[in-house]
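So the number in the working numbering is just where the residue sits in the sequence shown, counting from 1, plus 11.
Each residue gets a CB set at the ideal place from its N, CA and C atoms; glycine is no exception.
Computed from a predicted structure; not experimentally measured.
One structure is given here, and the rest of the page talks about it.
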Amino acid sequence: MTKIKNICCIGAGYVGGPTMAVIAQKCPGIKVTVVDINAERIQQWQTDDLPIYEPGLLEVVKEARGRNLFFSTDIDKGIREAEMIFMSVNTPTKTYGVGKGRAADLKFVELSARKIAEVSTTDKIVVEKSTLPVRTAQSIKAILSEQTRDVKFQVLSNPEFLAEGTAINDLHAPDRVLIGGDQTPEGLAAIDALTEIYACWVHPEKIIQTRLWSSELSKLAANAFLAQRISSINSISALCEITGADVDEVAYAIGTDTRIGPKFLKASVGFGGSCFQKDILNLVYLCEYFGLPEVAAYWEQVVVMNDYQKRRFAQNIIQELFNTVSGKKICLLGWAFKKDTNDTRESAAIYVTDHLLNDLAQVSVYDPQVPTRAMYADMNYLQTRSAAENEQLLDVHKDPYEAAKGAHAIAVITEWDEFRTYDWQRIYDNMEKPAFLFDGRNLLDHKMLREIGFRVKAIGKGEE
Ligand code: UDX
Ligand code: ADP
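Written out as structure tokens, the structure is:
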């Protein structure tokens, strides 16, 4: 079996960075080099001001950086020196051409595979780490087999199951590690080589070995099942609001059934993040491609429900504010797609803001971690209105009390813990009256807020 001494990871993002930091921390005998085309990102990884906010990450990076963890823009050298190469590049949903809006855009994966084929002079194990459609390994294999030198490649699928905000804990103590590969002697040897790396800190029983395509499909299926639970409880939240039931009570009551379980039943303004929507759309595209329209429609509904939930939240705000928000200041607390991350990909905040700006609201935002330029970039990416209009209608504040000053309503989008500890009386005193609070996370103490004078509307809570 190949003994791995050098690992290279292509892509220093939310997946590649933390994953490689933990591998380097737990396997001090292996040299881990993370490479990226983005020089600014690589530079940030070399400082204590990391490009991604993730609790506990800096400590892990500091332990291994310079010892056996390195960040570099020299992609060729990184590839050439490694026996094992992880591909952790981004795979967004296609925004053009065939499969637009559904299929994964594999151009970054393809470019990386071509680069590996071009510069490799020794045998390599190539590990898919990005979320990819089933059978991507096939394309990677095809590209790698085109090189003319006598270099042999094995392709493995090793999907990442970490959730942002809890990445370090998820990496240190995963529910399982999944490794898929060809069921040939060379494929099985490659699976064993990667298994040995994880075995430095993960119990062997938690390392699942499968064929390649089972592993690829498991990642899409796991995310589809998780997102489905959120859309299911969010669909019930709409019914609760009309009937007077309380969605948190319903979630608790059904979650105590051990067959259902309590996790991922928190009703919200809608799920976000780089994975759920993308992976479901990917699954939908695959099903359509393979002639299974009913299966495609079944899974697509999870995304349809999520879009409905975001739209419903924004429409509720407009309706409660006497059917017009034109010129009214609405304060959003939180822009990240969940707490403890600075990632905003597919965040509900973007879509809620878009709806409110369509009705000419003045939106002011506070988020403890998201940089201002990321918020404007998110809005400009939608192309609903010009950058100048976004700048005019959207205000970003570094202080939550300033963001809420003079607002007609506050909308809680992200479940940041610090929102609970604010001086809500002070916030109320500085708002326009009646002061509305829309809790998109059911995060705050609604009884206390009502006693202060807020008109509180919460997800899945009927009139009390
Ligand atoms: C997810 C998967 O959990 C992870 O295994 C996979 O590797 C990548 O995709 P992530 O997107 O980082 O991870 O975060 P996650 O905690 O799953 O949350 C996704 C979204 O769902 C967030 O917007 C979150 O706020 C929302 N959510 C989650 C709910 O609205 N309700 C819940 O009960 C749980
Ligand atoms: P993820 O959440 O999947 O980690 P990110 O966007 O955070 O996604 O990270 C992906 C990283 O991959 C980015 O930093 C990007 O610059 C990098 N990347 C994309 N294509 C290439 C490539 N061909 N070579 C090297 N790095 C790449």
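Would you call the CB atoms of residue i and residue j closer than 7 Å?
i           : j           : result
residue 2   : residue 427 : A question about residue 2 goes unanswered here, because the residues of the chain that appear run from 12 up to 475.
residue 430 : residue 344 : yes
residue 422 : residue 449 : yes
residue 34  : residue 100 : no
residue 182 : residue 170 : no
residue 362 : residue 321 : yes
residue 331 : residue 447 : yes
residue 98  : residue 140 : yes
residue 19  : residue 77  : no
residue 242 : residue 327 : no
residue 145 : residue 228 : yes
residue 198 : residue 165 : yes
residue 370 : residue 175 : no
Relative to the ligand UDX, is the shortest distance from any of its heavy atoms to the C-beta of residue i smaller than 6 Å?
i           : result
residue 227 : no
residue 458 : no
residue 241 : yes
residue 324 : no
residue 216 : no
residue 299 : no
residue 286 : yes
residue 175 : yes
residue 67  : no
residue 172 : yes
residue 277 : yes
residue 449 : no
Given 6 Å as the limit, tell me if residue i has its C-beta closer than that to any heavy atom belonging to the ligand ADP.
i           : result
residue 21  : yes
residue 376 : no
residue 122 : yes
residue 52  : yes
residue 48  : yes
residue 119 : yes
residue 234 : no
Residue i and residue j look like a contact to me (Cβ under 8 Å); what is the Cβ gap, rounded to whole Å?
i           : j           : result
residue 168 : residue 191 : 4 Å
residue 136 : residue 205 : 7 Å
residue 437 : residue 412 : 7 Å
residue 38  : residue 208 : 6 Å
residue 289 : residue 104 : 5 Å
residue 470 : residue 278 : 5 Å
residue 314 : residue 291 : 5 Å
Which first and last residues belong to the beta strand (DSSP E) in which residue i is found?
i           : result
residue 422 : 420 to 423
residue 23  : That residue, residue 23, is in no beta strand (DSSP E); it is neither H nor E in DSSP.
residue 256 : Taken as a continuous stretch (DSSP letters only), residue 256 belongs to no beta strand (DSSP E), as it is neither H nor E.
residue 44  : 42 to 46
residue 192 : 188 to 192
residue 179 : No beta strand (DSSP E) holds residue 179; the alpha helix (DSSP H) holding it covers 178 to 183.
residue 61  : Neither: residue 61 is in no beta strand (DSSP E) and is coded neither H nor E.
Can you tell me where the alpha helix (DSSP H) with residue i in it begins and where it stops?
i           : result
residue 141 : Unbroken run through residue 141: none, as it is neither H nor E.
residue 297 : 287 to 300
residue 50  : 50 to 56
residue 324 : 304 to 331
residue 73  : 68 to 75
Segments of 3+ residues assigned as beta strand (DSSP E) that fall wholly inside the segment 88 to 117 = 95 to 98
Inside the segment 392 to 461 only - alpha helix (DSSP H) runs reaching at least 4 residues = 398 to 404, 411 to 415, 435 to 440
Minimum length 4: unbroken alpha helix (DSSP H) runs contained in the segment 121 to 165 | 147 to 155
If you scan the segment 356 to 385 from start to end, which runs of the beta strand (DSSP E) of 3 or more residues do you find wholly inside it?
-> 373 to 377
Which runs of the beta strand (DSSP E) fall wholly inside the segment 194 to 279 and span at least 3 residues, in chain order?
-> Positions of the beta strand (DSSP E) runs, each at least 3 residues long and wholly inside the segment 194 to 279, are given as 218 to 222 in order along the chain.
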